[in-house]
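A short worksheet on the structure shown next.
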Amino acid sequence: MSIARFFKGLVIILVGIILLLNNLSILEWSVWFNLLKLWPLLLISLGISFIFRTRLSWLGPLLLLLGVILGIGASYMGLDVPLGDKVPTEVEIIQKEMELVPSVVQKMEKEFSEQDEDTESIEIQELTEEGMIGEVSKDIEMVPLIQKADIALNYEVGSFALKYTTPLLYECQVSYRYPEFKPVESFTMLDNEAQVQIYHQPISDKMTIDPPKNQIDLKLNPDIVYNIFLETGATAIDYDLSKFKVESFTIKSGASNINLIIPRYNGSIKIDSGVAKIDIAIPEDVGAKVHLDTGLSKKDFDENFVKQKDYTYISQNYNSALYQVDIDIDSGVSKINIHYL
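According to our numbering, the stretch in the sequence shown is residues 888 to 1228, in order.
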């Protein structure tokens, strides 16, 4: 066997190993971005093979092999193969302060809402102008004006993380490399509820070799009730909801790698993804009911779950647990692991 054929075989084997490591989530799919940057090596390899048809023809396949190894190594170490000027990373923080009011005012507002709208605004205004709030504020608990918030994050591609708390209503830090992914915020408020949407501008048709590498880090207030909605194309999601009051959490994505810790709160989780790797961890004091609508799927459930006839799994502590959560997973191809902490 010739040396050239040996190195060509090694290149094919190495490509197969890369795909295997991708499927096992040991190596990220972004490795292919690094390999694409090295495509000129293919032309160089062919040129060497044409020039040195016999004695040194193995140099071409060897060069390809070294290029593949370089691309894999750079991805595994979290690096980019340099190609001209590196696209800088921009960081932008979107946040909303928590407005506090005396609890007596919040109670009055609730009672006044049942009366005429004009009368309500006049009475509250007079109450404020007369200084009554200032007189009683020392003896009355200050509470958030907003009690509930709906937060929608819409990003075509990116990594989402939620781990830390904030005294603010919310705080979202977005790291991006291209202006199309500059975050845009929409905020509205009705009564004591807020609606928040964070999204990016339409993506241009210009193709780029460098991956966007968007990172969306969210922080929430543990005293506020949230409904969270994520819509994305390809994404990695790492959300620890155990510290927060999350009434509903919805994910809609094309391809996703999801690591999720369920909230210690009564609510629902809905995941709709074409291709997904899902790992869901459940606190001990939470009972869970899981309904699956999947095509090709590998499932691994905690022994605490009992399978029902309608593709539903119910934890043995569902009825007796302090909190209950219903989980609905709809996926074409998936690997699902659901377990207790």
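Just so you know, even glycine gets a beta-carbon here, dropped at the ideal spot from N, CA and C.
None of the values given here were measured: they were computed from a predicted structure.
By the 10 Å Cβ neighbour count, where 16 or more other Cβ atoms means buried, how is residue i classified, buried or exposed?
i     : result
V1044 : buried
N1108 : buried
Y1057 : buried
S1218 : buried
G1174 : buried
I1238 : Here the chain covers residues 888 to 1228 and nothing more, so residue 1238 does not appear.
G903  : exposed
V1212 : buried
G1021 : Only weak support exists for where G1021 lies, its pLDDT of 46 falling under 50; the coordinates are left without a value.
Q1133 : A quick correction: the sequence has Val, not Gln, at residue 1133. V1133 comes out buried.
L1183 : exposed
Since residue i contacts residue j with CB under 8 angstroms, what's their CB separation in whole angstroms?
i     : j     : result
Q1084 : K1069 : Contact doesn't hold; Cβ gap of about 15 angstroms is too wide.
L1077 : L1032 : With 8 angstroms as the limit, L1077 and L1032 do not qualify as a contact, their Cβ atoms being about 12 angstroms apart.
P1170 : L1228 : 6 angstroms
D1187 : I1223 : 7 angstroms
Which residue comes first and which comes last in the beta strand (DSSP E) that contains residue i?
i     : result
T1052 : K1035 to T1052
V977  : Residue identity check: residue 977 is Glu in the sequence provided, not Val. Its beta strand (DSSP E) spans residues E977 to K983.
D1110 : D1110 -> no beta strand (DSSP E), and no H or E assigned at all.
Q1082 : E1080 to Y1086
S1129 : Premise fails: S1129 is in no beta strand (DSSP E) and is neither H nor E.
Let me check understanding here. Comparing Cα to Cα, which of the options lies closest to residue i?
i     : options                       : result
A1208 : I1158, Y1152, S1218 and I1216 : Y1152
I1111 : M985, I980, E979 and K1176    : M985
A1123 : I1167, S1046 and K1222        : S1046
R1064 : H1178, N1101 and N1146        : N1101
A1081 : Q1034, D1172, L1049 and I899  : Q1034
S1073 : V1162, S1140 and K983         : K983
Y1126 : G1120, I1165 and A1142        : I1165
T1243 : L1128, Y1113 and N1144        : Here the chain comprises residues numbered 888 to 1228, so residue 1243 is not present and cannot be evaluated.
D1160 : D1215, T1053 and V1071        : Note that residue 1160 is Ser in the sequence shown, not Asp. If we check each option's Cα against that of S1160, D1215 comes out closest.
V1162 : C1059, G1141 and K1196        : G1141
For residue i, collect the residues of the same chain with a Cβ closer than 6 angstroms to its Cβ; drop the 5 residues on either side in sequence, then sort them by chain order.
i     : result
I1138 : L1117 and I1158
S1062 : T976, V978 and Q1102
I1167 : L1147 and I1225
Less than 7 angstroms between C-beta atoms, sequence neighbours within five positions excluded: which residues of the same chain meet that for residue i?
i     : result
K1093 : Because the pLDDT of K1093 is 49, which lies under 50, any placement of that residue in the model is unreliable, and the question is left without a value.
I1090 : E1043 and E1067
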